[in-house]
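Working notes, beginning with the structure itself.
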Amino acid sequence: MNSLEGVFSEVHFSKLSRLYELDLSLNKHLQLNVSPDWIPPFFLQSLGLQNCKMGFQFPKWLKTQNNLSHIDISNSGISQSIPTWFKNFSTHLSLVNISNNQINGPIAINDYSATRVLEIVDLSSNHFYGSVPNSLFKVGALFLSKNNFSSLSYICNVSDEYYLRILDISDNQLTGELPNCFLKLKDLRALILSNNKLSGEIPGFIGQLLAFPIGFFLIILFKKAKKRLFKTRQVQQTNQASKNGDILSIWNYDGKIAFEDIIKATEDFDIRYCIGTGGYGSVYRAQLPSGKIVALKKLHNSEAEKLSFRKSFENEVETLTKIRHRNIIRLYGFCLSKQSMFLIYEYMERGSLFSVLSNDLEVVELDWCKRINIIKGIACALSYMHYDCTPPIVHRDITTTNILLNSEFEAFVSDYGTARLLDPDSSNQTMISGTYGYIAPDNRPSPPRNRLIEDDIVLIAMLGFACLNAKPNCRPTTLTYIDIFLISNA
């Protein structure tokens with residue numbers, strides 16, 4: 001990624017007759033300015049103009065590039081409807097990304113003669129509405145999220161010979177019930193319909209479409225499709241991972257994070273990048289090629305090899321993907337394979353609340369206003385989990401080590417559902433899940449189930465006292481904690 005500025009004109013390309021790949025992506029201050037009648041001296045196979053300034057129209061010179069296999073002109077300011085000459089690309093084209101533009105109206109390419117070569121079409125984050133042309137159901141993956149589609153009735157007009165495998169039509173205006181016509185799409189493996197206005201019961205055919213538990217829509221095939229938008233050279237490795245039963249799903253960065261980037265950024269999880277270690281794994285700091293810094297929570301190898309932990313890991317990820325709150329740490333993705341299991345989180349510059357309270361220099365910055373805001377943030381996060389999630393979610397281990405702070409001392413609840421990673425086959429039934437001084441209330445002996453939410457409120461109060469004193473020996477011991485709560489619940 002560069003930060004080029006200025007204007008590219010016809011003169012810059014006049015002698016590039018052998019050019020077959022042009023990628024000027026992610027140069028938001030770069031403008032491509034050529035005349036409408038310009039005929040390039042080259043014939044491109046791949047074009048990347050993501051985030052470049054192109055004006056409101058599709059570049060007319062594109063219609064001379066009949067050999068294109070990849071087109072990425074996302075987030076380039078286009079508002080013109082898709083021109084009819086786009087159909088001329090169908091012979092070689094395998095990827096089209098026109099997402100994050102301002103295109104308004106129906107998808108006017110009804111006569112598009114797509115072939116099996118076309119793998120990915122991304123029209124998300126525009127203003128498309130109306131029906132989706134039948135021809136687009138011939139592609140491998142179709143991304144239509146964040147548009148204005150209001151109906152799925154056109155699915156019933158689709159021929160059963162189409163082989164669409166991924167359909168993402170989330171964040172639209174869909175209403176009513178799901179039509180059973182989805183059964184015509186026999187190859188469909190990922191169907192994403194979140195954030196719409198659908199009603200009625202979940203049709204029985206949904207179970208026939210999914211090979212993974214409900215909620216695991218980000219399966220290996222979905223990862224492969226999104227990753228191909230920017231990592232076309234890693235397809236063979238992705239296919240091999242699929243054969244091995246591995247899952248790598250990373251989102252929110254337009255597929256720019258790859259497994260190889262993470263391994264390289266941490267030098268295969270070298271201890272130099274480790275910023276913390278717990279009972280089930282270690283946390284690493286990783287700077288990606290884009291410059292973005294993320295936190296990686298990697299399970300210890302001894303735990304990752306257990307089948308029971310693998311199942312718990314899957315359940316953990318499924319739940320974490322449903323949580324969205326400003327005071328809950330953001331999950332960017334995960335890796336589940338035979339060699340490695342890790343979660344990819346938003347990176348918090350200040351680290352844990354415990355580390356700040358234990359640091360003589362940083363604790364000076366943590367004035368009373370910041371401390372109160374920390375408590376308020378945690379309370380809001382737990383309120384969201386308790387009352388806005390269905391079914392309610394209980395954290396089980398609110399501690400100063402599980403509260404992370406960003407550069408502005410804003411609080412984020414992390415390590416949600418750690419108890420889900422406890423080995424269910426363990427014979428040690430006396431082991432209590434939690435942290436010294438903050439024993440999880442629903443894991444103490446004989447916990448009353450109807451007191452979980454109230455107990456979490458008590459934990460918030462205990463956390464408030466911890467803000468006043470960082471020394472563990474000044475907090476209640478585990479035994480004291482258990483005695484107090486067993487008596488109060490008697």
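The sequence shown lines up with residues 1 to 490 when you count with full-length UniProt numbering.
All residues carry an ideal CB built from backbone N, CA and C; glycine is no exception.
Exercise. Whose C-beta lies closer than 7 Å to the C-beta of residue 380 among residues of the same chain, with five residues either side of it excluded?
Worked result: Here residue 380 is taken as the residue at index 380 of the sequence shown, counted from 1. Within the same chain, residue 380 has close Cβ partners 327.
Exercise. What are the residues that DSSP puts in a beta bridge with residue 406?
Worked result: Here residue 406 refers to the residue found at position 406 of the sequence shown. In the DSSP output, where bridge partners are listed per residue, residue 406 has none listed.
Exercise. Quick one: Cα of residue 118 to Cα of residue 166, how far?
Worked result: The residue labelled residue 118 in the question sits at position 118 within the sequence shown. The residue labelled residue 166 in the question sits at position 166 within the sequence shown. Those two C-alpha atoms are separated by around 13 Å.
For this session: Taking residue 176 as the reference, give the member of 275, 196, 24 and 192 with the closest Cα.
Result: Residue 176 sits at position 176 when you count from the first residue of the sequence shown. Looking at the Cα atoms, 196 is the closest of the given residues.
For this session: Mind listing, in chain order, the continuous alpha helix (DSSP H) runs of no fewer than 4 residues lying wholly within the segment 271–301?
Result: Within the segment 271–301, no complete alpha helix (DSSP H) run reaches 4 residues.
For this session: From the DSSP output, in three-state form, read off residue 134 for me.
Result: Locating residue 134 in the sequence shown gives position 134, counting from the first residue. Three-state DSSP puts residue 134 in a helix.
Exercise. Do you know whose CA, among 25, 69, 352 and 45, lies nearest residue 75's CA?
Worked result: Within the sequence shown, the letter at position 75 stands for residue 75. With distances taken between Cα atoms, residue 75 lies closest to 25.
For this session: Note down the Cα distance separating residue 180 from residue 164, rounded to an integer number of angstroms.
Result: Indexing the sequence shown from 1 puts residue 180 at position 180. Indexing the sequence shown from 1 puts residue 164 at position 164. Approximately 16 Å, taken between the alpha carbons.
Exercise. Which residues in the same chain have their Cβ closer than 8 Å to the Cβ of residue 5, if we skip the five residues on either side of it in sequence?
Worked result: Taking the first residue of the sequence shown as 1, we reach residue 5 at position 5. Non-local beta-carbon contacts of residue 5 in its own chain, meaning distances under 8 Å to residues more than five positions away in sequence, involve 27, 29 and 30 in chain order.
Exercise. Which word fits residue 199, buried or exposed, when buried means at least 16 other C-beta atoms lie within 10 angstroms of its C-beta?
Worked result: If you number the sequence shown from 1, residue 199 lands on position 199. Exposed: under 16 other Cβ atoms inside 10 Å.
For this session: In the DSSP assignment, find the unbroken beta strand (DSSP E) run with residue 190 in it and report its ends.
Result: As a working mapping, residue 190 is identified with position 190 in the sequence shown. 190–192 is the span of the beta strand (DSSP E), which, as asked, contains residue 190.
For this session: Express the C-alpha separation of residue 63 and residue 22 in angstroms, rounding to a whole number.
Result: For the purposes of this step, residue 22 is identified with residue 22 of the sequence shown, where counting begins at 1. For the purposes of this step, residue 63 is identified with residue 63 of the sequence shown, where counting begins at 1. Rounded to the nearest angstrom, the two C-alpha atoms are 16 Å apart.
Problem set entry | Best match in 102, 409, 105 and 18 for proximity to residue 368 [C-alpha to C-alpha] | Position 368 of the sequence shown, counting from 1, holds the residue named residue 368. The candidate whose alpha carbon is nearest that of residue 368 is 409.
For this session: Identify, in the order they occur along the chain, each residue of the same chain with its Cβ nearer than 7 Å to the Cβ of residue 287, setting aside the five sequence neighbours on each side.
Result: On the sequence shown, residue 287 is found 287 positions in, with the first residue counted as 1. Once the five neighbours on either side are set aside, the close Cβ partners of residue 287 are 265 and 293.
Exercise. Does the beta-carbon distance from residue 344 to residue 333 come in below 8 Å?
Worked result: Here residue 344 is taken as the residue at index 344 of the sequence shown, counted from 1. Here residue 333 is taken as the residue at index 333 of the sequence shown, counted from 1. Contact flag set, yes.
Exercise. Can you name the start and end residues of the beta strand (DSSP E) that residue 353 belongs to?
Worked result: The residue labelled residue 353 in the question sits at position 353 within the sequence shown. That residue, residue 353, is in no beta strand (DSSP E); its alpha helix (DSSP H) goes 353–357.
Problem set entry | Unbroken alpha helix (DSSP H) run spanning residue 379, endpoints | Translated into the one-based positions of the sequence shown, residue 379 becomes position 379. Counting along the chain, residue 379 sits inside the alpha helix (DSSP H) bounded by residues 368–383.
For this session: Go ahead and label residue 414 buried or exposed: buried means 16 or more other beta carbons lie within 10 angstroms of its beta carbon, across all protein chains shown.
Result: By one-based count along the sequence shown, residue 414 stands at place 414. With 16 or more Cβ atoms within 10 Å of its Cβ, residue 414 is classed as buried.
Problem set entry | Beta carbon of residue 155 nearer than 8 Å to that of residue 128 | Taking the first residue of the sequence shown as 1, we reach residue 155 at position 155. Taking the first residue of the sequence shown as 1, we reach residue 128 at position 128. No; because the gap between Cβ atoms is not below 8 Å, this pair is not in contact.
Exercise. Expressed to the nearest angstrom, what Euclidean distance is found between the alpha-carbon atoms of residue 573 and residue 364?
Worked result: This structure cannot speak to residue 573, because the chain is shown only from 1 to 490.
Problem set entry | Residues that DSSP places opposite residue 413 in a beta bridge | In the sequence shown, residue 413 corresponds to position 413, counting from 1. 328 and 403, per the DSSP bridge assignment.
Exercise. When the Cα atoms are used, what is the spatial distance from residue 281 to residue 268?
Worked result: Against the sequence shown, residue 281 aligns to sequence position 281. Against the sequence shown, residue 268 aligns to sequence position 268. Linking residue 281 to residue 268 through their CA atoms gives a straight-line distance of about 15 Å.
Problem set entry | For residue 264, the residue or residues it bridges with in DSSP | To locate residue 264, count along the sequence shown from 1; it is residue 264. Paired residues: none, contrary to the question.
For this session: Would you identify the three-state DSSP class for residue 345, choosing helix, strand or coil?
Result: One-based indexing of the sequence shown puts residue 345 at position 345. Reduced to three states, the DSSP call for residue 345 is strand.
Exercise. Under three-state DSSP, which class holds residue 23?
Worked result: As a first step, residue 23 must be located in the sequence shown, where it is residue number 23. DSSP, reduced to helix, strand and coil, places residue 23 within a strand of the structure shown.
Problem set entry | Assigned secondary structure, residue 98 (DSSP; H/G/I helix, E/B strand, else coil) | Start at 1 with the first residue of the sequence shown, and residue 98 comes out as number 98. Residue 98 falls in the coil class under three-state DSSP.
For this session: Taking only runs that begin and end inside the segment 157–183, name each unbroken beta strand (DSSP E) of 3 or more residues, in chain order.
Result: If one requires a minimum length of 3 residues, the beta strand (DSSP E) runs lying completely within the segment 157–183 are 166–168, in chain order.
Exercise. How would you write the range of the alpha helix (DSSP H) that residue 12 sits in, first residue to last?
Worked result: The residue given as residue 12 occupies position 12 in the sequence shown. Residue 12 -> alpha helix (DSSP H) spans 10–13.
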